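Residue numbers (the numbering used here): 181 to 747.
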Amino acid sequence: MSLDVSIPGTGVFSIADPARKKSKRTRASAAKCNVYSKTRHLKCDEEKPVCKRCLRDKRKCDRYPDNPHDRRIRRTVISESCSSPPFANTQSCSASSRLRLRSGTHLTPPVNWDIVGSNLERSMFHHVHRCTVTDFGLASPLTKFWSNYILPLAHYSDSVKHAVIALGVAHKAFLENPLHDGEPSDPMMALSNLAARQYQKAITETIQVMADPSSANVRITLICCIVFICFEIVTGRYDNAVQHLKSGSKVLESLRQAAVSNQRSSGSVVSLPDRPLVETVEKYFDQLCDITDLFTCLGLWATKLIETDVIPDLSFFTWPETETENDVKKPFDSFSDARHQLYHVELMFDKYYPDFSPCDEKGCWHAVPIKAPFKFPETIGAKHEWEEALACLEIWCARFELFQKGLPEKLDLKDREELKYLQFAQLSWQVLSKYRKACRLEKADMGELTRIIDMAEDITLSKESTQRPTFSLEAVIVPTVSYICAFCQNPDLERRIIDLLRQMKRRENMWDSQQLASVYEFLLSERLASQWRYEYNWETLPGIAKMMSDLSINGEQLAVTTPLTLL
Numbered sequence: 181m182s183l184d185v186s187i188p189g190t191g192v193f194s195i196a197d198p199a200r201k202k203s204k205r206t207r208a209s210a211a212k213c214n215v216y217s218k219t220r221h222l223k224c225d226e227e228k229p230v231c232k233r234c235l236r237d238k239r240k241c242d243r244y245p246d247n248p249h250d251r252r253i254r255r256t257v258i259s260e261s262c263s264s265p266p267f268a269n270t271q272s273c274s275a276s277s278r279l280r281l282r283s284g285t286h287l288t289p290p291v292n293w294d295i296v297g298s299n300l301e302r303s304m305f306h307h308v309h310r311c312t313v314t315d316f317g318l319a320s321p322l323t324k325f326w327s328n329y330i331l332p333l334a335h336y337s338d339s340v341k342h343a344v345i346a347l348g349v350a351h352k353a354f355l356e357n358p359l360h361d362g363e364p365s366d367p368m369m370a371l372s373n374l375a376a377r378q379y380q381k382a383i384t385e386t387i388q389v390m391a392d393p394s395s396a397n398v399r400i401t402l403i404c405c406i407v408f409i410c411f412e413i414v415t416g417r418y419d420n421a422v423q424h425l426k427s428g429s430k431v432l433e434s435l436r437q438a439a440v441s442n443q444r445s446s447g448s449v450v451s452l453p454d455r456p457l458v459e460t461v462e463k464y465f466d467q468l469c470d471i472t473d474l475f476t477c478l479g480l481w482a483t484k485l486i487e488t489d490v491i492p493d494l495s496f497f498t499w500p501e502t503e504t505e506n507d508v509k510k511p512f513d514s515f516s517d518a519r520h521q522l523y524h525v526e527l528m529f530d531k532y533y534p535d536f537s538p539c540d541e542k543g544c545w546h547a548v549p550i551k552a553p554f555k556f557p558e559t560i561g562a563k564h565e566w567e568e569a570l571a572c573l574e575i576w577c578a579r580f581e582l583f584q585k586g587l588p589e590k591l592d593l594k595d596r597e598e599l600k601y602l603q604f605a606q607l608s609w610q611v612l613s614k615y616r617k618a619c620r621l622e623k624a625d626m627g628e629l630t631r632i633i634d635m636a637e638d639i640t641l642s643k644e645s646t647q648r649p650t651f652s653l654e655a656v657i658v659p660t661v662s663y664i665c666a667f668c669q670n671p672d673l674e675r676r677i678i679d680l681l682r683q684m685k686r687r688e689n690m691w692d693s694q695q696l697a698s699v700y701e702f703l704l705s706e707r708l709a710s711q712w713r714y715e716y717n718w719e720t721l722p723g724i725a726k727m728m729s730d731l732s733i734n735g736e737q738l739a740v741t742t743p744l745t746l747l
């Protein structure tokens, strides 16, 4: 598919047109062209209010006077086009402007959202644009990444186009039946078959793209991985989503290794296989930082669920810190800026939690068992990382408070929702960061924990979208209330959280609220019935889901298989 240069967002993935043989220009040929251009114009078609032929040939029509209304329209179009020019190649931006713009979140989205394809394919593409991506949150950097990178790329990359269409079909099926339970109806089967066909087309096209590892194709491959991850999560195949996460991370790791090797052997000729990789890093480092941010976030939220590292350290592709990021007197520029910096807070805490030590208090359920297969004492480095994370959180909270003071009194609906979301994140981190060990949460102020649940209910149950399931790439609300439910040891609060998880019908990344409600309801009933097993203290959520699926009543196995059991 050829590149549509009229789409501003696609400028970041532009591919140079193949060199064409230029004809020799002579004085005779120039005169011939001049004569042709003068004689080619056809006579006026005398069609009111303007002559279309004269307008097409950029000639002043003698038949009609200038239409003042038409002049006003043209002036408006010209002024709008001048005010938002297509985004040029990121290499043309200065370093300071790149840091200020955060390229991916400020690219101009496509003007024309139509793609080449059947009516059904175009409909599913529009579904992703209008519904799927919108559910990510308008201020989310992930939403802007999709609107400004992924969807524009689908206009000329068949692999991305078919992957996005497959996602649209899968998301439409998810809205009808998020848990894929019961016998599928004929319309659901039709959607499933269509999604499978589009997905297979995308895979086939991606394999062809990977066979030619050019600079553009490397980035297209990474984008396809991201869309495939979303597709697999929506369809409930979490294990496949993790595999795509790992595959995309390997591509980024290959880029890093090629760049580092090239730096170490400066002056020597780059090997042929590494040449497109090195060129990609040198010319499109900014874009790789945006892509890596998304992989890092997806990997972080998946790691929290399965409690195993999913992706390697990708910090090589990281934006350099600006001076304002650590300035407590500098408010955030926008909701999007606040969200972006919130990711960095999460990453700082994530550095600590892999070394999270069990409780050393005697009799604590979180204490290391005598025959435990693992033991990881808290190190001095872990304490330092915890202090760094707390300092990062304090800076974010200070800047967010200043940002709130500068907001107008009346906000539109979308901004009010974004404000509530960020206020929920702020309160959650401020409360939960007081307790470095999960077992200490049962001694927490239940009033503070209740406030968090109150805010979660206000955000998820007051929206009109609660009438349908919601899929979001960001995992914030569901993991937070799940963490409280797992460790608060308060049956009344746990029951309230379980009810909330069922009602919100929300899947954040791989954190599905209804699936987790079943898990926590099972754990609560086991504890209240004095049937608690010691393994529950250390087992992951997917592990507990597998235990549930292995249970039997009167010798018959229960049909409790969920996407969690695939992890």
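For glycine and all other residues, C-beta sits at the position ideal for the given N, C-alpha and C.
A quick note: this is a predicted structure, and the numbers were derived from the prediction, not measured.
Counting only runs that start and end inside the segment 582–652, the alpha helix (DSSP H) elements of at least 4 residues fall at 593–612, 626–641. DSSP places Glu688 inside the beta strand (DSSP E), whose first and last residues are 686–688. Beta-bridge annotation (DSSP): Trp691 is paired with Glu688. Counting every other CB atom within 10 Å of its CB across the protein chains shown gives Val389 a total of 16 or more, marking it as buried. Following the DSSP letters along the chain, one finds Phe465 inside the alpha helix (DSSP H) bounded by residues 465–486.
Less than 7 Å divides the Cβ of Leu474 from the Cβ of Phe325. Annotation note: the segment 413–471 contains the following uninterrupted alpha helix (DSSP H) runs of length 4 or greater, listed N- to C-terminal: 418–444, 455–463. Around the C-beta of Trp691, 16 or more other C-beta atoms lie within 10 Å, and the residue is accordingly described as buried.
Nearest Cα to Leu322 within the set Tyr663, Ser652, Phe465, Cys665: Ser652.
When DSSP states are grouped into helix, strand and coil, Val389 belongs to the helix group. Of the candidates Leu607, Gly416, Thr476, Ala571, Thr476 places its Cα closest to the Cα of Asp489. In the DSSP annotation of this structure, the continuous segment of the alpha helix (DSSP H) that includes Asn299 starts and ends at 299–307.
Ranked by Cα distance from Trp566, the options Lys585, Leu607, Leu612 are led by Leu612.
For Gln695 against Pro649, the beta-carbon gap comes to about 12 Å, at or over 8 Å, which does not count as contact. Taken through DSSP and simplified to helix, strand or coil, Glu501 comes out as coil. As the crow flies, the alpha-carbon of Thr460 is around 18 Å from that of Ile330. By the C-beta criterion, the segment 695–709 is judged to be in contact with the segment 670–678, since at least 3 inter-stretch pairs fall below 8 Å. For Ala709, the secondary structure class from DSSP, reduced to helix, strand or coil, is coil. Shown here, Ser662 sits in a helix according to DSSP, grouped into three states. For Glu356, the enclosing alpha helix (DSSP H) begins and ends at 338–356. Straight across, the Cα-Cα distance linking Glu412 with Ile403 is about 14 Å.
If you draw a straight line from the Cα of Asn357 to the Cα of Tyr716, it is about 30 Å long.
Per DSSP, Leu746 lies in no alpha helix (DSSP H) segment and is marked neither H nor E. Gly317 sits in coil when the DSSP states are folded into three classes, being neither helix nor strand.
In the three-state scheme derived from DSSP, where H, G and I count as helix and E and B as strand, Asn670 is classed as coil.
Distance from the CA of Glu688 to the CA of Cys469, rounded to the nearest whole angstrom, comes to 23 Å. When secondary structure is reduced to three states using DSSP, Phe512 falls in the coil class, being assigned neither helix nor strand.
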